[in-house]
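S.K.:
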Amino acid sequence: MPYLDVETRGRLVGMRQAGLSFRAFAQLNNLPLTTVYKTFQKYQDIGTVMTQKKTGPPTKLNELSTRTIQRKIHKLGKHSQIAPKKPYLRPQDFQRWLAFAKAHRHWTINEWAKVIWTNELAFELGKRVDQVRFWHTAIGHDLGGFCAAHCSTIIFLDGRMNSQEMVQQVYHPTLCPFIEQMAQAPWIRGRHRLLLMEDNAPIHTASFSNQWREQNGILKMDWLAHSPDLNPIKNIWKLMKSQISKLYQPQMLNELKHAIQALWDDLHDGILKNYLQSMPRRMQMVIDQCGGPTLY
1 MPYLDVETRG
11 RLVGMRQAGL
21 SFRAFAQLNN
31 LPLTTVYKTF
41 QKYQDIGTVM
51 TQKKTGPPTK
61 LNELSTRTIQ
71 RKIHKLGKHS
81 QIAPKKPYLR
91 PQDFQRWLAF
101 AKAHRHWTIN
111 EWAKVIWTNE
121 LAFELGKRVD
131 QVRFWHTAIG
141 HDLGGFCAAH
151 CSTIIFLDGR
161 MNSQEMVQQV
171 YHPTLCPFIE
181 QMAQAPWIRG
191 RHRLLLMEDN
201 APIHTASFSN
211 QWREQNGILK
221 MDWLAHSPDL
231 NPIKNIWKLM
241 KSQISKLYQP
251 QMLNELKHAI
261 QALWDDLHDG
271 ILKNYLQSMP
281 RRMQMVIDQC
291 GGPTLY
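Under the UniProt record's numbering, the first residue of the sequence shown is numbered 1, with each subsequent residue one higher.
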């Protein structure tokens, strides 16, 4: 049975409790149906998605031999990174999350459908999403967004940007046309009803970016720091990363970009709607957790 990491198990439980069928989850994540079913059964048996400590014989490597191997690898210029887990939340973050969830707990799906969800992510060559530690050789930064069941154009970014480059490369050529497109939707009827969701990165909060959005009539949604659980596009990135490692396994940066573009183009409205419809459940989960992280 394929191994599912803690995050995937958590998403399975959350989406199952939200009403998604085992078959639908298996199809969305390219997993065998039996794996999905048995994973959920195990969660029901032990009451947690966390990996349980296993018993067995001690490792054959002692501390000295382990350190020797580490030094040899480091001499070759190779260093591992640990994949980040849930962001650390301070007490004030719990309070803000809880207040946000309570303020939006009664939002309808139609209201959430007026939010343009955006996020930037680095896709890395040599990284597998089912590994805790990874080695990478090249990185492709990408920015994408969706609203309701419609995706924007995905943008490939070269390195970091300042606020002026953000306006020139993202806001003006991509965001504005996407807003105009979505403003024509019958459930929106006007760009003044749309809300842009961005994280609190400096390029988004800089005065130049703020002034440009204000001059162009783009309304921004108040968003929380350290809140990946609440942004459904994060789940899309997770899905795409999993599919890249399973279906494409690119070796060069241009191959990675091609794989990302192909997967982005193949996102169908059913996937987007499923994540969008999870927003009321996410708000309720935050409330149930008293402002803490959710299974998403």
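We treat Cβ as the ideally placed atom computed from N, Cα and C, and that holds for glycine.
Since the structure is predicted, the reported quantities are computational estimates derived from the model, not experimental observations.
In terms of residue numbering, what span does the alpha helix (DSSP H) encompassing I260 cover?
M.R.: L253 to D266
S.K.: Note down, in chain order, each residue of its chain lying with its Cβ closer than 7 Å to the Cβ of M166, except the 5 sequence neighbours on either side.
M.R.: Cβ neighbours of M166 within its own chain (closer than 7 Å, five residues either side excluded): I203 and S209.
S.K.: List the DSSP bridge partners of residue 299.
M.R.: Within the shown structure, residues of the chain are numbered from 1 to 296, placing residue 299 beyond reach of any answer.
S.K.: For N235, count neighbouring Cβ atoms within 10 angstroms of its own Cβ and tell me buried if that reaches 16, exposed if not.
M.R.: buried
S.K.: Measure from the alpha carbon of W212 to the alpha carbon of each residue in S278, V49, G47 and Y171, then state which is nearest.
M.R.: Y171
S.K.: Using a Cβ-Cβ cutoff of less than 6 Å, which residues in the same chain neighbour N200 once the five nearest sequence positions on both sides are dropped?
M.R.: Hits under 6 Å: A225.
S.K.: From G292 to H150, what does the alpha carbon distance come to, in whole angstroms?
M.R.: 30 Å
S.K.: For the putative contact between V6 and M50, defined by C-beta atoms under 8 Å, what is the C-beta separation to the nearest angstrom?
M.R.: 6 Å
S.K.: Please work out which residues of its chain come closer than 7 Å, Cβ to Cβ, to W112, disregarding the five sequence neighbours upstream and downstream, and give them in chain order.
M.R.: L276 and M279
S.K.: Tell me which residues share the same chain as S152 and place their Cβ nearer than 7 Å to its Cβ, disregarding the 5 neighbours each side in the sequence.
M.R.: G144, G145, F146, T174 and F178
S.K.: What number of angstroms, rounded off, separates the C-alpha of K230 from the C-alpha of T68?
M.R.: This sequence places Leu at residue 230; Lys is not what is there. Whole-angstrom Cα-Cα distance: 43 Å.
S.K.: Relative to the C-alpha of residue 300, which candidate in K114, M1, S227 and K246 has its C-alpha closest?
M.R.: Lying before the first or after the last residue shown, residue 300 is absent from the chain, which here runs from 1 to 296.
S.K.: Taking 8 Å as the cut-off, decide whether the C-beta atoms of T31 and R23 are in contact.
M.R.: The question names Thr, but residue 31 is Leu in the sequence shown. With respect to R23, L31 sits apart: the two C-beta atoms are not nearer than 8 Å.
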